[in-house]
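Chemist: Numbering-wise, the sequence shown is residues 1089 to 1217 according to the working numbering.
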Amino acid sequence: DTAVKFFSITAKVLFPPYATEKAFQDKFMSTMMTLQAYSAEIEYWKCTDDDYNAIGHQNMNIDNAYFWRDGDGKLDCGVFDWGGLGNSCVGHKFWWVLNCADFENIKENLSHYMDVFIDVYSESGGPSI
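1. Check whether the stretch 1136-1153 touches the stretch 1164-1172, counting contact only when three or more Cβ pairs, one atom from each stretch, lie closer than 8 Å.
2. Pull up the DSSP beta-bridge partners for D1164, would you.
3. Quick check on N1193: buried or exposed, where buried means 16 or more other Cβ atoms within 10 Å of its Cβ?
4. Please report the distance separating the alpha-carbon of E1129 from that of G1174.
5. Look at the Cβ atom of C1188, then the Cβ atom of C1135, and state whether they are nearer than 8 Å.
6. Using DSSP with H/G/I as helix, E/B as strand and the rest coil, what is S1199?
7. State the Cα-Cα distance for the pair P1215 and H1145, rounded to the nearest angstrom.
8. What is the rounded straight-line gap between the Cα of S1096 and the Cα of R1157?
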């Protein structure tokens, strides 16, 4: 109920008009309840094929990166917040890298990002996917 209240009342100006309609709210709740009911099965399915699982940072967003310039002025970077490091589904990890990016950037570049990921995944020892 909290989510429905948020997108249909509290912050309705941020969401499409259909978010205030009962039919949408009912479908949303049904979908979320079904997702929750099958969350263990979904997680199992995501991790059953070793070709699509790898060790990595679970939350590789800009707020977990830091940048500096070396003595020659070359930009370098590092990462922190390693609590989510682990082996899991690469599709899920890929989503977490992109989920905080600007929509227009993703819309324009998603195919390129996916191609680069596929190439680097294979070059780094993963299978061709």
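By construction, the Cβ of each residue, glycine as well, lies at the ideal position given by its N, Cα and C atoms.
Modeler: In brief:
1. Cβ pair count under 8 Å is three or more, so yes.
2. W1156
3. exposed
4. 19 Å
5. no
6. helix
7. 19 Å
8. In a straight line, the C-alpha of S1096 is about 46 Å away from that of R1157.
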